[in-house]
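This report concerns only the one structure given below.
Number of protein chains: 2
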Amino acid sequence: MTSAPPRIDIDRLVRRLMELGEIGAIAGTTGCSRLALTDDDRAGRDLVRTWMDELGLDITTDGIGNVVATMSGFDPSITPVMTGSHIDTVATGGRYDGNLGVLAGLEVIETVLTSGIELDRPLAVGWFTDEEGARFPPDMLGSLVYVGGMPLEEALEITDADGLSVGDELDRIGYRGAGPTPGRVPHSYVELHIEQGPVLEDEDITIGVVEGVQGISWTELTLTGQSCHAGTTPMRLRHDPAFVAADITTFVRDLTTEFGGAQVATVGAVTLTPNLVNVVASTATMTVDLRNTDDAILQQVETRFRGHVARAAEREGVGVETRTLARFEPVDFDRRVIDLVEACAAERGLTSKRMPSGAGHDAQMFARVCPTAMIFTKSVNGISHNVTEFTAPDDLEAGANVLLDVMLRLTREDFA
Amino acid sequence: MTSAPPRIDIDRLVRRLMELGEIGAIAGTTGCSRLALTDDDRAGRDLVRTWMDELGLDITTDGIGNVVATMSGFDPSITPVMTGSHIDTVATGGRYDGNLGVLAGLEVIETVLTSGIELDRPLAVGWFTDEEGARFPPDMLGSLVYVGGMPLEEALEITDADGLSVGDELDRIGYRGAGPTPGRVPHSYVELHIEQGPVLEDEDITIGVVEGVQGISWTELTLTGQSCHAGTTPMRLRHDPAFVAADITTFVRDLTTEFGGAQVATVGAVTLTPNLVNVVASTATMTVDLRNTDDAILQQVETRFRGHVARAAEREGVGVETRTLARFEPVDFDRRVIDLVEACAAERGLTSKRMPSGAGHDAQMFARVCPTAMIFTKSVNGISHNVTEFTAPDDLEAGANVLLDVMLRLTREDFA
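So the protein sequences, as listed, match chains A and B.
Using my numbering, read the first sequence as starting at 271 and increasing by one per residue.
Using my numbering, read the second sequence as starting at 271 and increasing by one per residue.
Structure follows, in structure tokens:
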């Protein structure tokens, strides 16, 4: 390429992000709330589909409500280079998580269409139903069904807290389509997303070259002791589950120091009963979130954690019930696509850093079926899933231009 | 005394405990709920006053609703030996806490009256308003006002969570009396109470000889960190208040090991926000309850605790606000009355053990103005402030007989 590379139109991208964010906007904030398959989600879907229509794309809606728009006019045997993400949000979400990936994909396609670049294969952009899992578990439901990880029938029967099913809600909002599931396997998949963490900002780096997704191990512990009076019960006669919960919390922190590297551990939820100043708790429930990019290390950490839980509970004479809330192995993205992301960032003169994703994304589902990677852009203060979520236009523009470049380069790759 | 000593009538005492416990009874349990100055508290008061009336006692109701019944027919200059406790309960309380002290006192007086024993000074039994503090803070309010520890006017203006005042509620239930506050200083005071702890049962001892009340130090900590994603935020960038709360919890447990003896420490309440499995908490509030019978040691423990809080919060980059919820110095009971309790237990052939009270009691207020001690009887499983609170009739009988003996002996003591 000797001519100046094409650039996405950042004003158009930001305008669309704000327009979509007005649907389900949370008053007095820049946040928004579009839980999957609600009326607000429908309104958001309708708006984005209108934009897809205006570009003359071939739009397919499948049985789980995933919507994929593909450039028209290509031989049907040529698979597309796909991008995408989701437009559902958590109950008090922001305007960037997911939305950026979909609208930047649309922006890339519009840029290519208006610049007259000739492609060997089409580009496609999709959004995938219920990525957040905030209404219907599990998260990444739509992309899971797309890649054949869950039969459609099973997914349609999943219910929300009010007992409403995915299938009925899809019918209600008019997004139960005729497209097949599993969906057509794309040539390759690359997704732009906000980091949802503080690393890029902290190190003043523009582009995150995402090598994979951390493995996740979520455990809920229910510790059962004996409630008693905080003044009248000598320490030696106590069976205090709150103390055991604290002991476990400090232990898992110590594990992160011992194992170092990418190992993270979080105790985010603790509930004591009866939770009074002068009563030793009868029960404590707590969650432990362990993640690592290396599954072998994650397994070692889990073993150490379980051993300590058993010992700490026994020492205090406290019963323990353990429930696995989630366990996902780490996902490795495709080395060739990762290299492409890094190269494209460098060609734009942007700083970049190879990093794992700490959160789950639709891309990890596509990694099961085609060469895949992701591009991260900064999250101010690392904040996401929050109405204050923000990424500056300059960073959005950098990320979307890298997405553009990577997608163009991918059309010329032969991964066969 | 060469004749057989008098004995209380355990059947009558248990019958009255059960009859009083029917007022505010919690369906399906043996618990009861008579929060101070509610309609149920009024009904309980009315019932016990009826029993006092039947014995021909002189009944005085003072301005805070304390009711004291004194044997009649004595020279008004002779001060009574007083016993008493409270008949208000916590919201889900039992039938023994407080009630036992009042009804055992009544039983002692009835036993003396019917046995024809001649006394040098009258016996009196009282109940004191809002001992639990469960509706109007602080606890032991009625006895505090009785001994002059708080002006009546100030006490009457205290409001509950709904904004209703002590004075208005006293008027409403008809228990704002004309008796003076501070009240008449008794010759001496001795109170029978369930232990509310497990020590007597654990060591198979019948009578607790209570030497004093532990000093209490209650602190609420509000730890403010930074909420972030549990997957995307490296450990080095975290400011996790839940971790600091756990660190403080294990530290205060270590302090009890280091200081040993009577030192107890409890973290009974912890609340994380937002309390989600995959979000590092933004804030943690927690309470720390420290108690010791020796105020000098308690102060050392408090100093060590505060130092650790500051260091642990600083290390993690977490802000900390500290609020003292309560601070009471230990109370020492009168050595002569303590010795009497011990001697009377021995004379009845009962096992006894000198011990502190871990909980607050009306007796600690009387200790400010006259020779005072307490008698403890077992609490099954150490349980109190709970609908399953229970003490076996044999233990109630033993405790009430020791109360009888101690009160009779006190009428002959000259403490001047």
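Note that beta-carbon positions come from the ideal geometry of N, C-alpha and C, so glycine has one too.
Within 8 Å, strictly: CB atoms of residue 682 of chain A and residue 390 of chain A: One-based indexing of the first sequence puts residue 682 of chain A at position 412. One-based indexing of the first sequence puts residue 390 of chain A at position 120. Against a cut-off of 8 Å, the Cβ pair of residue 390 of chain A and residue 682 of chain A comes out as a contact.
Looking at the secondary structure, which residues open and close the alpha helix (DSSP H) in which residue 535 of chain B lies? Taking the first residue of the second sequence as position 1, residue 535 of chain B is located at position 265. Here residue 535 of chain B belongs to no alpha helix (DSSP H); instead the beta strand (DSSP E) covers 534-536.
Cross-chain neighbours of residue 658 of chain A in chain B, by beta carbon under 9 Å: On the first sequence, position 388 is the one that residue 658 of chain A refers to. What residue 658 of chain A touches in chain B: nothing, since even the nearest Cβ is about 10 Å away.
Under the rule that 16 or more other beta-carbon atoms within 10 Å means buried, what is residue 519 of chain A, buried or exposed? What you label residue 519 of chain A is simply residue 249 of the first sequence in a count that begins at 1. Residue 519 of chain A should be labelled buried.
Residue from A:684, A:686 and A:666 whose Cα sits closest to the Cα of residue 375 of chain A: Position 105 of the first sequence, counting from 1, holds the residue named residue 375 of chain A. Minimum Cα distance to residue 375 of chain A is reached at A:666.
Do residue 514 of chain B and residue 625 of chain B count as a contact pair if the criterion is CB distance below 8 Å? Residue numbering aside, residue 625 of chain B sits at position 355 when the second sequence is read from its first letter. Residue numbering aside, residue 514 of chain B sits at position 244 when the second sequence is read from its first letter. No, the Cβ-Cβ distance between residue 625 of chain B and residue 514 of chain B is not below 8 Å.
Looking only at C-alpha atoms, which of B:284, B:300, B:287 and B:294 sits nearest to residue 659 of chain B? Counted from its first residue, the second sequence places residue 659 of chain B at position 389. Nearest option by C-alpha distance: B:300.
Looking only at C-alpha atoms, which of A:415, A:363, A:674 and A:358 sits nearest to residue 312 of chain A? Along the first sequence, read from residue 1 onward, the residue named residue 312 of chain A stands at position 42. Comparing Cα positions, the closest option is A:358.
What three-state label does DSSP hand residue 351 of chain A in the structure shown? Residue numbering aside, residue 351 of chain A sits at position 81 when the first sequence is read from its first letter. Looking at residue 351 of chain A - three-state DSSP - the assignment turns out to be strand.
Could you please give the first and the last residue of the uninterrupted beta strand (DSSP E) stretch that includes residue 310 of chain B? Here residue 310 of chain B corresponds to residue number 40 of the second sequence, with the count starting at 1. Bounds of any beta strand (DSSP E) do not take in residue 310 of chain B; it lies within the alpha helix (DSSP H) bounded by 309-324.
How would you write the range of the alpha helix (DSSP H) that residue 521 of chain B sits in, first residue to last? For the purposes of this step, residue 521 of chain B is taken as residue 251 along the second sequence, with counting starting at 1. First-last of the alpha helix (DSSP H) with residue 521 of chain B: 511-529.
Neighbourhood of residue 593 of chain A by C-beta, 6 Å cutoff - its chain only, sequence neighbours within 5 removed: On the first sequence, position 323 is the one that residue 593 of chain A refers to. Result list for residue 593 of chain A: 490, in chain order.
Which whole-angstrom value describes the C-beta separation of residue 412 of chain B and residue 334 of chain B, a residue pair presumed to lie in contact below a C-beta threshold of 8 Å? Within the second sequence, residue 412 of chain B is the residue found at index 142, counting from 1. Within the second sequence, residue 334 of chain B is the residue found at index 64, counting from 1. In this structure residue 412 of chain B is in contact with residue 334 of chain B, their Cβ atoms being roughly 5 Å apart against a cut-off of 8 Å.
Would you decide whether residue 315 of chain B is buried or exposed? Buried here means 16 or more other CB atoms lie within 10 Å of its CB. Numbered from 1 along the second sequence, position 45 holds the residue referred to as residue 315 of chain B. Buried is the call here.
Span of the beta strand (DSSP E) holding residue 459 of chain A? Position 189 of the first sequence, counting from 1, holds the residue named residue 459 of chain A. Where residue 459 of chain A is concerned, the enclosing beta strand (DSSP E) stretches over 458-464.
Chain-order list of residues whose beta-carbon lies under 8 Å from that of residue 551 of chain A (same chain, five-residue window excluded): Residue numbering aside, residue 551 of chain A sits at position 281 when the first sequence is read from its first letter. In the same chain as residue 551 of chain A, and ignoring 5 residues on each side of it, the C-beta atoms closer than 8 Å to its own belong to 495, 497, 510, 511, 512, 542, 543, 544 and 545, in chain order.
From the DSSP output, read off the bridge partner residues of residue 626 of chain B. Sequence index remark: in the second sequence, residue 626 of chain B carries index 356 (1-based). Beta bridge pairing from DSSP links residue 626 of chain B with B:482.
Tell me the residue span of the alpha helix (DSSP H) that contains residue 680 of chain B. Taking the first residue of the second sequence as position 1, residue 680 of chain B is located at position 410. 663-680 is the extent of the alpha helix (DSSP H) around residue 680 of chain B.
Please report the distance separating the alpha-carbon of residue 394 of chain B from that of residue 645 of chain B. Your numbering for residue 394 of chain B matches position 124 in the second sequence. Your numbering for residue 645 of chain B matches position 375 in the second sequence. Using only the alpha carbons, I get a separation of about 17 Å.
Does the separation of the CB atoms of residue 652 of chain B and residue 526 of chain A fall below 8 Å? Position 382 of the second sequence, counting from 1, holds the residue named residue 652 of chain B. Position 256 of the first sequence, counting from 1, holds the residue named residue 526 of chain A. No, the pair does not count as a contact, with Cβ atoms beyond the cut-off.
Could you check if residue 288 of chain A is buried or exposed, using at least 16 other CB atoms within 10 Å of its CB as the buried criterion? The residue labelled residue 288 of chain A in the question sits at position 18 within the first sequence. Looking at its Cβ environment, which holds fewer than 16 other Cβ atoms inside 10 Å, residue 288 of chain A is exposed.
With DSSP collapsed to three states, give me the class of residue 291 of chain B. To locate residue 291 of chain B, count along the second sequence from 1; it is residue 21. Residue state, collapsed to three classes: helix.
Excluding the 5 residues preceding and the 5 following residue 429 of chain B in the sequence, name in chain order all residues of the same chain whose CB lies nearer than 7 Å to its CB. Residue 429 of chain B sits at position 159 when you count from the first residue of the second sequence. Contacts found: 435.
Outcome for residue 292 of chain A when other beta-carbon atoms lying within 10 angstroms are tallied against a minimum of 16: Here residue 292 of chain A refers to the residue found at position 22 when the first sequence is read from its first residue. Residue 292 of chain A should be labelled exposed.
DSSP bridge partner residues for residue 591 of chain A (one or two, in chain order): Here the question's residue 591 of chain A lines up with position 321 in the first sequence. Beta-bridge pairing links residue 591 of chain A to A:492.
Using 10 angstroms around the beta-carbon of residue 392 of chain B, count the other beta-carbons present and answer buried if the total reaches 16, otherwise exposed. Working through the second sequence from its first residue, we reach residue 392 of chain B at position 122. Result: buried.
What is the residue span of the alpha helix (DSSP H) that residue 442 of chain A lies within? Reading the first sequence from its first residue, position 172 is the one you call residue 442 of chain A. From DSSP, the alpha helix (DSSP H) with residue 442 of chain A extends over 436-443.
Give me the residue from B:354, B:499, B:538 and B:364 with the minimum Cα distance to residue 372 of chain B. Locating residue 372 of chain B in the second sequence gives position 102, counting from the first residue. Ranking the options by Cα distance to residue 372 of chain B, first place goes to B:354.
Do residue 456 of chain A and residue 350 of chain A count as a contact pair if the criterion is CB distance below 8 Å? For the purposes of this step, residue 350 of chain A is taken as the residue at position 80 of the first sequence. For the purposes of this step, residue 456 of chain A is taken as the residue at position 186 of the first sequence. Cβ distance < 8 Å, so residue 350 of chain A and residue 456 of chain A count as in contact.
Below 8 Å on C-beta distance, what does residue 367 of chain B contact in chain A? On the second sequence, position 97 is the one that residue 367 of chain B refers to. Per Cβ cutoff of 8 Å: no residues; residue 367 of chain B is ~10 Å from chain A at best.
Please determine, among B:661, B:641 and B:600, the residue with the shortest C-alpha to C-alpha distance to residue 610 of chain B. Translated into the one-based positions of the second sequence, residue 610 of chain B becomes position 340. Answer by Cα proximity: B:641.
Answer yes or no: do residue 702 of chain A and residue 538 of chain B have a C-beta to C-beta separation smaller than 8 Å? The first residue shown for chain A is 271 and the last is 686, placing residue 702 of chain A beyond what the model contains.
Take every Cβ of the region 438-450 of chain B, pair it with every Cβ of the region 320-337 of chain B, and state whether three or more of those distances are shorter than 8 Å. yes
Out of A:454, A:309, A:347 and A:465, state which residue places its alpha-carbon closest to the alpha-carbon of residue 370 of chain A. Reading the first sequence from its first residue, position 100 is the one you call residue 370 of chain A. Closest option to residue 370 of chain A, Cα to Cα, is A:465.
Looking at the secondary structure, which residues open and close the beta strand (DSSP E) in which residue 396 of chain A lies? Counting from 1 along the first sequence, the entry for residue 396 of chain A is found at position 126. Unbroken beta strand (DSSP E) run through residue 396 of chain A: 393-397.
Exposed or buried, what is residue 674 of chain B when buried is set at 16 or more other beta-carbons lying within 10 Å of its beta-carbon? The residue labelled residue 674 of chain B in the question sits at position 404 within the second sequence. Per the 10 Å Cβ criterion, buried.
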